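Visitor: Quick one: the structure is below, and I'll ask about it shortly.
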Amino acid sequence: MKNKIRQLAKEKNAIILAHNYQPPEIQDIADLCGDSLELSIKASKTKADVIVFCGVHFMAETAVILSPDKTVLLPHTGAGCPMADMVDPITLKAKKQALGNIPVITYVNSSAAVKAASDICCTSANVIKVVNSIDADEILMTPDRNLAQYAASNTSKKIHLWDGYCPFHNTLTAQDVNKARKDHPKACFIAHPECPPEVLALADSIQSTSGMIKFAGKSDHTSFIIGTETGLLYPISKAYPNKKFYPASLKMYCTDMKKINLENLADSLENLTGEIKVPEDIRKDALGAVQKMIDL
Ligand code: 13P
Ligand code: SF4
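According to the numbering used here, the residues represented by the sequence shown are 1027 to 1322, in order.
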C-alpha cells in the first residue's frame, strides 16, 4: 500500500501533507508534516499539481485559498473540525456589527466563508503577534474562546470572545494535569493554547503542536507531559527517542483527525476523489485574511 501511494503521488505530481495529529502511518508516508501555520505556508509554495491534505476540511480549504490552480484533495471528506463548525459567517457579521465594527481575528480552524468575513487570521503559533499587530483597542476573536483568553492575557487590548472551543482540548482539567504531574514528577508540562485557562495556568510552556516538538528538543528536561491531542505523541517521540513523552489525558483524541487511512489516501490519489472547492468570491476574501497573517 505504501509503495502504491508513493508511486501514485509521483504519477500525479502530488504532494502529501499531514498534520501532526494524523495517524503514524500517514505521517510516515507524507512529504511534509507540521502544524497549521507550517502546512498553510508549505501548501502555498509547492510546485505540485495536486495537494493531498491529510488533516481536516478547513486545512484543505486553506490550501485551496492559497493555491487556486492546484487540485486539493481531502482523502475523507467527512473529516471536519467541530470547533470550526461553531461559527458561521452570518452570525459573525451580526456580532461584529453589534460591537461597532471592530476588527475580527479568526483562528485558521474555521471555514473559508468565516475567514472571508474576518480581517485577519491567526494560528496557535502566531496568535499574540497577530493580536499585537492590530491597530485597534478592541478585537473580536473567533471561534476558540480558550485561544482568545490566552491572547487576552498577553495583551492590553480588550478581546471579545466567541463561545467556541475544541471539544478535545477543552476536556483537559487542572485535576488531570495534577494527576499526570504526580505520576511523572520530573516531567515538564507543555500545553496547547486550545486548553482551558485553568490548564494553561499550570503549564511550564504554551506551544502550538510544532512548537512543542521544537521546545522538547531544546529543553534540558528529559520527560514531558503533552497537553494536546494524543496524535502528537508519535512525531514528538520519533524526533527524540531518548526523551520520554506522556499524554496529559487520553480523552484528547480527535476522531476527525483519524479518519484518513492508507486505503482512502490511495483511493483519493488514484481517482482524484475528495476534491475540495471554494467559490472564487469567498476564496478571494478569505485569501485577504490568510495572506495578511502570512505576510506578518
Ligand atoms: P496547531 O497544529 O496549529 O497547533 O493546531 C492544533 C489543532 O487543533 C489543529 O486542528
Ligand atoms: Fe478541531 Fe480540536 Fe480536532 Fe483540531 S483537535 S481538528 S481543533 S476538533
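Ideal placement from N, C-alpha and C gives every residue a C-beta, glycine not left out.
Just so it is clear, the structure is predicted and the values come from calculations on it, not from any experiment.
1. Inspect the beta-carbon positions of I1077 and S1093 and report whether they are closer than 8 Å.
2. Using three-state DSSP, classify T1132 as helix, strand or coil.
3. Comparing alpha-carbon positions, which option in K1073, A1312, K1285, V1082 lies nearest K1141?
4. Using 7 Å as the cut-off, classify the Cβ of S1234 as near or not near the heavy atoms of ligand 1, replying yes or no.
5. Taking 7 Å as the cut-off, does the CB of M1167 come closer than this to any heavy atom belonging to ligand 2?
6. Anything with a beta carbon under 7 Å from a heavy atom of ligand 2 counts; list them all in chain order.
7. State buried or exposed for A1104, treating a residue as buried only when at least 16 other CB atoms are found within 10 Å of its CB.
8. Would you kindly work out how many angstroms separate the C-alpha atoms of L1198 and I1262, rounded to a whole number?
9. When every heavy atom of ligand 1 is checked, does at least one fall within less than 7 Å of the C-beta of T1197?
10. Would you say the region 1248-1265 touches the region 1206-1221, given that touching needs at least three Cβ pairs under 8 Å?
11. Which of the three DSSP states is assigned to E1087 in this structure?
12. Should K1310 be labelled buried (16 or more other beta-carbon atoms within 10 Å of its own) or exposed?
13. Taking C-beta to C-beta, are S1136 and F1079 nearer than 8 Å?
14. Locate the beta strand (DSSP E) running through F1215, then write down its first and last residues.
15. Look at the alpha carbon of Y1133 and the alpha carbon of S1245, and state the distance between them as a whole number of angstroms.
16. Would you call the region 1283-1296 and the region 1217-1228 in contact, with 3 or more CB pairs under 8 Å?
17. Taking 7 Å as the cut-off, does the CB of T1117 come closer than this to any heavy atom belonging to ligand 1?
18. With a Cβ-Cβ cutoff of 8 Å, do C1059 and V1082 count as a contact?
19. Apart from the five residues just before and just after K1028, which ones in its own chain have a Cβ nearer than 6 Å to its Cβ?
20. Can you give, in chain order, each stretch of the beta strand (DSSP E) that sits fully within the region 1256-1288 and has at least 3 residues?
21. In whole angstroms, give me the CA-to-CA distance for E1329 and E1064.
22. Could you name the residues of the same chain whose beta carbon sits closer than 6 Å to that of L1322, not counting the 5 residues immediately before and after it, in chain order?
23. I'd like to know whether the C-beta of L1295 is nearer than 8 Å to at least one C-beta of chain D.
24. By a C-beta neighbour count over all protein chains shown, 10 Å radius and 16 as the cutoff for buried, is A1162 buried or exposed?
25. If we call anything under 8 Å between Cβ atoms a contact, is I1146 one with M1167?
26. Tell me whether L1276 is buried or exposed, calling it buried when 16 or more other Cβ atoms sit within 10 Å of its Cβ.
Guide: Based on what the coordinates show:
1. As a working note, residue 1077 is residue 51 in the sequence shown. As a working note, residue 1093 is residue 67 in the sequence shown. Closer than 8 Å, so yes.
2. Locating residue 1132 in the sequence shown gives position 106, counting from the first residue. Residue state, collapsed to three classes: strand.
3. Stepping through the sequence shown from its first residue, residue 1141 is reached at position 115. It is A1312.
4. Taking the sequence shown and counting its residues from 1, the one referred to as residue 1234 is at position 208. Because some heavy atom of ligand 1 lies under 7 Å away, the Cβ of S1234 counts as near it: yes.
5. The residue given as residue 1167 occupies position 141 in the sequence shown. Answer for M1167: no, Cβ out of range of ligand 2.
6. Going along the chain, the residues that qualify are Y1047, V1082, C1107, P1108, M1109, A1110, N1135, C1192, P1193, F1194, H1195, E1220, E1255, C1280, D1282, M1283.
7. Looking up residue 1104 in the sequence shown gives position 78. Before going on, a small fix: residue 1104 reads as Gly here, not Ala. Counting Cβ neighbours within 10 Å, G1104 comes out exposed, since fewer than 16 surround it.
8. As a working note, residue 1198 is residue 172 in the sequence shown. As a working note, residue 1262 is residue 236 in the sequence shown. C-alpha separation (whole angstroms): 20 Å.
9. Translated into positions along the sequence shown, residue 1197 becomes position 171. Relative to ligand 1, the beta carbon of T1197 is positioned no closer than 7 Å to any heavy atom.
10. Yes, the region 1248-1265 is in contact with the region 1206-1221.
11. Taking the sequence shown and counting its residues from 1, the one referred to as residue 1087 is at position 61. Residue state, collapsed to three classes: helix.
12. To locate residue 1310, count along the sequence shown from 1; it is residue 284. Result: exposed.
13. The residue given as residue 1136 occupies position 110 in the sequence shown. The residue given as residue 1079 occupies position 53 in the sequence shown. For S1136 and F1079, no; Cβs fall outside 8 Å.
14. Position 189 of the sequence shown, counting from 1, holds the residue named residue 1215. That run of the beta strand (DSSP E) goes 1214-1217.
15. Mapped onto the sequence shown, residue 1133 falls at position 107. Mapped onto the sequence shown, residue 1245 falls at position 219. The alpha-carbon atoms of Y1133 and S1245 are separated by roughly 28 Å.
16. Touching, no, given that fewer than three Cβ pairs across the two stretches are closer than 8 Å.
17. To locate residue 1117, count along the sequence shown from 1; it is residue 91. In this structure, T1117 has its CB at a distance of at least 7 Å from all heavy atoms of ligand 1.
18. Locating residue 1059 in the sequence shown gives position 33, where the first residue counts as 1. Locating residue 1082 in the sequence shown gives position 56, where the first residue counts as 1. Against a cut-off of 8 Å, the Cβ pair of V1082 and C1059 comes out as no contact.
19. Taking the sequence shown and counting its residues from 1, one reaches residue 1028 at position 2. For K1028, same chain residues with a beta-carbon under 6 Å away, outside a window of 5 residues either side, are I1055 in chain order.
20. Residue ranges of uninterrupted beta strand (DSSP E) with 3 or more members, entirely inside the region 1256-1288 and ordered along the chain, are 1270-1273.
21. Residue numbering for the chain in the displayed model covers 1027 to 1322; residue 1329 lies beyond these limits and cannot be assessed.
22. Residue mapping note: residue 1322 aligns to position 296 of the sequence shown, counting from 1. So the qualifying residues of the chain are S1159.
23. No chain D appears in this structure, which consists of one protein chain only.
24. Position 136 of the sequence shown, counting from 1, holds the residue named residue 1162. A1162 comes out exposed.
25. Your numbering for residue 1146 matches position 120 in the sequence shown. Your numbering for residue 1167 matches position 141 in the sequence shown. Not a contact, by the Cβ cut-off of 8 Å.
26. Counted from its first residue, the sequence shown places residue 1276 at position 250. Exposed.
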